[in-house]
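To start, the structure itself, in structure tokens.
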Amino acid sequence: MRILHPILVVLGIVAFPLCIPAATKPNILLIAVDDLRDTLGCYGNTAVKTPNIDALAARGVVFDRAYVQYPVCNPSRSSFLTGLRPDQTHVTDNTTMLRSKRPNVMTLPQSLKKSGWHSAAFGKIFHLGGGRNAELKNQWMDLPRSWHSAQAFEATDTGKRKLAGRDLTNGKLKWCHWGAMDGGDDDQPDGQIASAVIAKMEELGDQPWMIGCGFMKPHDPFLAPAKYFDLYPEDSLKLHRDPANQTPAPPLAVGFGAFGETFRAFTDTERMEFLRAYYACTSFMDAQVGRVLEALDRLGLRERTLVILLGDHGYHLGEREWWNKNTLFDRSCRAPLIVSGPGVGTGHARGLVEFIDLFPTVTELCGIDPPHGLAGTSLWPQLKDPQSPGKDAAFTIVTRGAGQRGDSIRTDRWRYTEWSDGTRELYDHDADPEETVNVVESNQQVASELSARLGNR
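Note that the sequence shown ends on residue 473 in my numbering; no numbers are left out.
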């Protein structure tokens with residue numbers, strides 16, 4: 017049987033034959049970044065310094081409107097790594113292990129592992145839990161079902177020393193502190209993750225692989241080597257200000273609990289420190305992305321490696337006086353997604369896509385059969401031609417405990433959200449891309465149509 021060249025196969029969106037030599041099978045490098053919103057130069061943010069991610073974006077497709085299915089770490093990762101929506105995985109918090117709800121579900125790395133790819137994870141791909149309990153930590157990382165190996169990291173003694181920094185909430189929120197840390201990049205987990213990924217790529221040579229590179233920053237606590245804070249002199253950044261005519265959000269939407277009370281008490285000094293620390297951590301993470309991509313090039317693997325870089329959800333940096341995720345506003349539901357590699361075009365894709373679309377995209381490239389019943393659709397039309405239309409809608413949910421939840425639909429023009437307490441939100445992105453004015457009362461027909469779509473999804 018004639019063996020097709022991988023690049024030509026992908027350009028034609030013809031599946032890889034399973035019998036092709038290992039040296040021509042594509043590699044998959046999944047770079048999952050914790051709590052990363054679109055604070056990247058390639059998304060038009062000129063204040064942040066992310067040259068390495070911007071360089072990756074220049075040689076691939078940047079998805080401008082990519083939506084997660086749940087805007088919190090564990091539910092989002094459980095969703096896109098299985099290709100199922102949260103109502104299918106039954107994982108809607110950070111304490112529920114995927115296998116406890118879906119013990120036999122097939123994950124993306126597991127699918128490649130079964131088909132002959134070496135699979136290895138470094139850092140946070142699945143949600144990290146288990147504390148110091150090694151057996152429980154392995155279960156959270158889904159060893160050995162999804163990976164041949166998986167490894168978590170912690171800062172060195174040098175890297176744990178703060179040269180500057182402080183607690184922003186006087187202990188009210190234990191996670192909410194920043195630190196310009198002693199030592200170099202490899203004294204921090206993200207630096208160690210980059211080094212381990214590079215070593216694994218060198219070790220595997222021509223063997224096809226899927227490597228999960230799970231960078232921890234800019235997730236809190238906001239700790240990075242001091243040199244990255246130096247990139248952002250104090251008071252050099254511009255704070256977000258909500259407009260005076262902004263519609264108050266429903267009770268379940270944002271600003272709930274101790275978080276909301278604490279964030280509303282922030283001074284401008286604390287807001288600026290939070291923003292500066294988030295940006296410093298983003299630039300630190302970007303430097304580690306650069307190290308990994310440089311090694312990919314040095315090893316001659318770029319042409320056969322599909323690189324997927326994503327944030328596991330969006331993040332608020334002061335919008336609605338919120339400094340976190342876990343809302344159904346675009347700032348929390350929309351996340352960066354950049355793809356580069358064999359057969360991938362260049363440019364910005366404006367069509368709506370969902371993170372559940374990643375699983376069928378990868379299996380199509382690798383020529384393996386996807387599990388039955390995946391909820392997403394392949395992104396290859398947009399990867400070949402970024403001008404191709406995307407989906408007509410993207411869906412995201414959140415839960416608030418005690419049976420309370422919110423369901424949201426994003427279409428080309430509208431975001432509609434309905435809450436279990438009966439409140440509703442509708443935002444017109446043509447006129448109001450920051451979702452500041454709720455127009456549900458003046459657009460009842462639109463709301464009714466979108467509500468019906470939520471019920472029928």
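Beta carbons: idealized from backbone N, C-alpha and C, even for Gly.
Item checked: For D50 and L268, believed in contact at Cβ under 8 Å, the rounded distance -> Between L268 and D50, the beta carbon gap of about 25 Å keeps them out of contact (Cβ cut-off 8 Å).
Next item on the list: Drop a sphere of 10 angstroms on the beta-carbon of H388, count the other beta-carbons inside from all chains shown, and report buried for 16 or more, exposed for fewer.
Entry: Per the 10 Å Cβ criterion, exposed.
Check: Does DSSP put E370 in a helix, a strand or coil?
Finding: Note: E370 maps to strand in three-state DSSP.
Notebook entry, point to check: Over what stretch of residues does the beta strand (DSSP E) that includes Q262 continue unbroken?
Noted result: Here Q262 belongs to no beta strand (DSSP E), and DSSP marks it neither H nor E.
Next item on the list: Tell me whether the beta-carbon of I209 lies closer than 7 Å to the beta-carbon of F169.
Entry: Their beta carbons are under 7 Å apart, which means I209 touches F169 by this criterion.
Notebook entry, point to check: Once you ignore the five residues that flank G327 on each side, which residues in its own chain have a CB closer than 6 Å to its CB?
Noted result: In its chain, beyond the 5 residues on either side, V49, L52, A351 and P352 have a beta carbon closer than 6 Å to the beta carbon of G327.
Item checked: Beta-carbon contacts of A242 that lie in its chain and below 6 Å, excluding the five residues immediately before and after -> Hits under 6 Å: L179 and A196.
Check: Is C192 near V213, with beta carbons less than 7 Å apart?
Finding: Annotated as distal: C192 and V213, with beta-carbon spacing of 7 Å or more.
Next item on the list: For P102, name the three-state secondary structure that DSSP assigns.
Entry: Assigned with DSSP and collapsed to three states, P102 falls in helix.
Check: On the three-pair Cβ rule with 8 Å, is the segment 83 to 102 touching the segment 403 to 417?
Finding: Segments in contact, yes.
Check: By DSSP, does V414 sit in helix, in strand, or in coil?
Finding: If DSSP states are grouped into helix, strand and coil, V414 belongs with the strands.
Margin query: Going by beta-carbon coordinates alone, are A296 and Y248 separated by less than 7 Å?
Written below: For A296 and Y248, yes; Cβs fall inside 7 Å.
Check: Alpha carbon to alpha carbon, what distance is there between G273 and L255?
Finding: Each residue's Cα considered, the two are about 23 Å apart.
Note to self: Can you check which of these residues, P386, P234, R115 and F290, is closest to T66 by C-alpha distance?
What the structure shows: Each of P386, P234, R115 and F290 was checked against the Cα of T66, and the nearest Cα belongs to P234.
Next item on the list: Enumerate in chain order the residues of its own chain whose CB-to-CB distance from G471 is below 6 Å, with the five nearest sequence positions on each side excluded.
Entry: For G471, where only same-chain residues beyond five positions count, there are no Cβ hits under 6 Å.
Check: For D202, which of T172, W194 and R177 has the nearest alpha-carbon?
Finding: Checked all of T172, W194 and R177; the closest Cα to D202 is T172.
Checklist line | Inter-residue Cα distance where the pair is W430 and Q403 | finding: If I take the Cα positions, the gap works out to 20 Å.
Next item on the list: In the DSSP assignment, find the beta strand (DSSP E) that holds K65 and state where it starts and stops.
Entry: No beta strand (DSSP E) holds K65; DSSP gives it neither H nor E.
Check: Excluding sequence positions up to five away, which residues of its chain have a Cβ less than 7 Å from the Cβ of K117?
Finding: Only residues of its own chain outside the window of five on either side were considered, and among them T105, H106 and V107 have a CB closer than 7 Å to the CB of K117, listed in chain order.
Check: Apart from the five residues on each side of it in sequence, which residues of its chain come closer than 8 Å, Cβ to Cβ, to T298?
Finding: L52, T55, L56, V64, T66, K233 and P234.
Check: Terminal residues of the continuous alpha helix (DSSP H) containing T174?
Finding: Counting along the chain, T174 falls outside any alpha helix (DSSP H), and DSSP gives it neither H nor E.
Check: How would you call L152, buried or exposed, if buried means at least 16 neighbouring beta carbons within 10 angstroms?
Finding: So L152 counts as exposed.
Next item on the list: Note down, in chain order, each residue of its chain lying with its Cβ closer than 6 Å to the Cβ of L46, except the 5 sequence neighbours on either side.
Entry: Once the five neighbours on either side are set aside, the close Cβ partners of L46 are G228 and I324.
Check: The alpha helix (DSSP H) spanning Y248 covers which residue range?
Finding: Unbroken run through Y248: none, as it is neither H nor E.
Item checked: Per-residue burial, T174 [other beta carbons within 10 Å of its own, 16 or more giving buried] -> So T174 ends up on the exposed side.
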